[in-house]
Structures are given as structure tokens and as C-alpha cells.
Amino acid sequence: MRLYVDSADVKQIAHLVEYFPIAGVTTNPSILVKEKRPYLAVLKDIREIIGEDRELFVQTLGETADEMAEEARFIISKLPGKTIVKIPVTEEAIKAMKMLAQEKIPVLGTAIYTPFQAVMAAKAGAKYVAPYVNRMDNLNGNGVKVVSEIAKLFSIYHLKTEILAASFKNIQQAMDVCLAGAEALTLSPDFIGKLVSYPATVNDIKDFKAQWTAQFGSAHSVLGNYGEV
Ligand code: G3P
1459 MRLYVDSADV KQIAHLVEYF PIAGVTTNPS ILVKEKRPYL AVLKDIREII
1509 GEDRELFVQT LGETADEMAE EARFIISKLP GKTIVKIPVT EEAIKAMKML
1559 AQEKIPVLGT AIYTPFQAVM AAKAGAKYVA PYVNRMDNLN GNGVKVVSEI
1609 AKLFSIYHLK TEILAASFKN IQQAMDVCLA GAEALTLSPD FIGKLVSYPA
1659 TVNDIKDFKA QWTAQFGSAH SVLGNYGEV
């Protein structure tokens, strides 16, 4: 399982990259406009923080295949390292994906709501597909089921494209898509902390410390007051 940060907040990204096993950063237009400064400067700052080996995802806005392809080339030319172009899956996008596959520009098909959108993107050469799990649930759909169907179809047809699941409202959805076969998921910074925080663990640590201190004094770690050996 690979974990990505779904954010353009450089402070939060820096923190998460320091603490967690982060494979890269995903952005989209809604995420970038929140930063309220020129988007290319934001992306360059993110690239500096994550280095060239982690993936950085940037989305196109064009409506025609030619516009999408032109934006894709621009994005790749401006951001060194492993940069992936996100394109929302439409008919024009499928055409753009075929063009970009020929140019070896890596693409993620995004805003996916149906298994066939994912299969078409994969057949057109997309490296990743991003099903929008919670947005499907909000439309009376079943995001986890769609992820599992995509995984099954990719396996039946031996498609190498990976599922990078996106759009989550809770950790349960995130765990369910992992079990459904998603290779990767992108989570907002708040959710990433929640993957490891659990009140019982904090209580256990308190108990361990209290017992240790009762026996060995006020040592804060095993390095202090270890006695003669
Ligand atoms: O990466 C896609 C994601 O940002 C969409 O998530 O929470 O806006 O549905 P959300």
C-alpha cells in the first residue's frame, strides 16, 4: 500500500514527509486555489520538500484532448522529478491519454465514478486511476464496491494500471479500499495522523511510564537510571 498526501499545504506536507512513509503528493484545482498564491510556485515548493523521487500529481483543466495534452507537456516541463499529470476521465481525456502514452508522459485518470471509466483509462495508457470513493457514496453509490470491481477487472484483463483511491470521509472507507485491492490511496493531512492515533495506545503508554517511574524513579526513557551492569 502506498500513501499519498492530498494537499498543497507545504507546511503540512513537510511535517507528514518527515513523520510518515509518504509516496508523494496529489493536488487538484480545488486544492491548489486554497493556497491563494501562484500555483506553479506552490508546486515548486512542494517538489523541493518531497524531492525528485516522490511523485507529484498535477491536474489539467482543458476540455479538448489537444488542450489537455498541451497542459500535460507544460506541467512536465516545469516540474522536475516524478511528476504525474491528472486528467478527469471524459471522452476527450481518453484521446489525450492515448496521445500522452505515446510521448511517455505518465497520467492518472481522475474523478472516476464507474469501473468502465477506469478500464478505458487503463486501456488508453494511464499509469493510475483515481476512483472518488466518498463522492460515489454521496451519490447513493458504493465507492468501495466500485474500487473492488476495478481491481477485479484490472486483474482479469491483466492491466498494469494501479488504483490510487481518492476522496474519503473516514478511515473505515480508506481501510475498505485497501482490502478491495487499491494499490495506493491519497488522504488529506488530517486523516493521515488518524491512521496511527488511538486513545488506548496513549493510555497504555501512560501506564508503562507510571510503572517504570514507580520502580526506577523519574526516568523519562530506558536510557536513564539503568543501574550498574
Ligand atoms: O484527490 C481527489 C480528492 O481531493 C477529492 O476528495 O474529499 O474533495 O471528495 P474530496
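Residues 1459 to 1687 in the numbering used here are what the sequence shown spells out, letter by letter.
Beta carbons: idealized from backbone N, C-alpha and C, even for Gly.
Cα-Cα, which of the options is closest to residue i?
{"i": "ALA1624", "options": "CYS1636, LEU1643, TYR1615", "result": "LEU1643"}
{"i": "ILE1508", "options": "ALA1672, VAL1500, VAL1475", "result": "VAL1475"}
{"i": "ILE1545", "options": "GLN1575, GLN1560, LYS1536", "result": "GLN1575"}
{"i": "ASP1595", "options": "GLN1631, ALA1584, THR1619", "result": "GLN1631"}
{"i": "VAL1605", "options": "ASN1661, LEU1501, ALA1569", "result": "ALA1569"}
{"i": "LYS1618", "options": "ASP1467, TYR1586, THR1541", "result": "TYR1586"}
{"i": "LEU1558", "options": "GLU1620, ALA1530, GLU1510, ALA1580", "result": "ALA1530"}
{"i": "SER1551", "options": "THR1541, ALA1609, TYR1571, ALA1584", "result": "With the sequence shown as reference, residue 1551 is identified as Ala, and Ser is not the correct amino acid for it. Closest option to ALA1551, Cα to Cα, is ALA1584."}
Give me the Cβ distance between residue i and residue j, rounded to the nearest whole Å; I'm assuming they're in contact under 8 Å.
{"i": "PRO1647", "j": "VAL1463", "result": "6 Å"}
{"i": "LEU1498", "j": "LYS1556", "result": "Wrong, their Cβ atoms sit about 27 Å apart, outside the cutoff."}
{"i": "ARG1505", "j": "PRO1479", "result": "Contact doesn't hold; Cβ gap of about 19 Å is too wide."}
{"i": "LEU1611", "j": "VAL1577", "result": "5 Å"}
Would you mind reading off the limits of the beta strand (DSSP E) that contains residue i?
{"i": "ILE1703", "result": "A question about residue 1703 goes unanswered here, because the residues of the chain that appear run from 1459 up to 1687."}
{"i": "PRO1589", "result": "1586–1589"}
{"i": "VAL1483", "result": "1480–1484"}
{"i": "LYS1544", "result": "1541–1546"}
{"i": "ARG1460", "result": "1460–1464"}
{"i": "LYS1515", "result": "According to the sequence as given, residue 1515 is Phe; it is not Lys. 1513–1517 is the extent of the beta strand (DSSP E) around PHE1515."}
{"i": "ALA1623", "result": "1620–1623"}
Starting from residue i, trace the alpha helix (DSSP H) in both directions and tell me its first and last residue.
{"i": "GLY1651", "result": "1647–1652"}
{"i": "PHE1612", "result": "1601–1614"}
{"i": "GLU1476", "result": "1468–1477"}
{"i": "ASN1661", "result": "1657–1674"}
{"i": "PRO1496", "result": "Run containing PRO1496: none; DSSP gives neither H nor E here."}
{"i": "LYS1627", "result": "No alpha helix (DSSP H) contains LYS1627, which DSSP labels as neither H nor E."}
{"i": "SER1535", "result": "1523–1536"}
{"i": "SER1488", "result": "1487–1491"}
Meets three-Cβ-pair contact criterion under 8 Å: the stretch 1639–1657 and the stretch 1523–1530: no
Between the stretch 1558–1567 and the stretch 1593–1605, do at least 3 Cβ pairs fall closer than 8 Å? no
At a cut of 8 Å, does the stretch 1659–1669 reach the stretch 1629–1637 through at least three beta carbon pairs? no
Contact between the stretch 1506–1515 and the stretch 1482–1491: three or more CB pairs below 8 Å? yes
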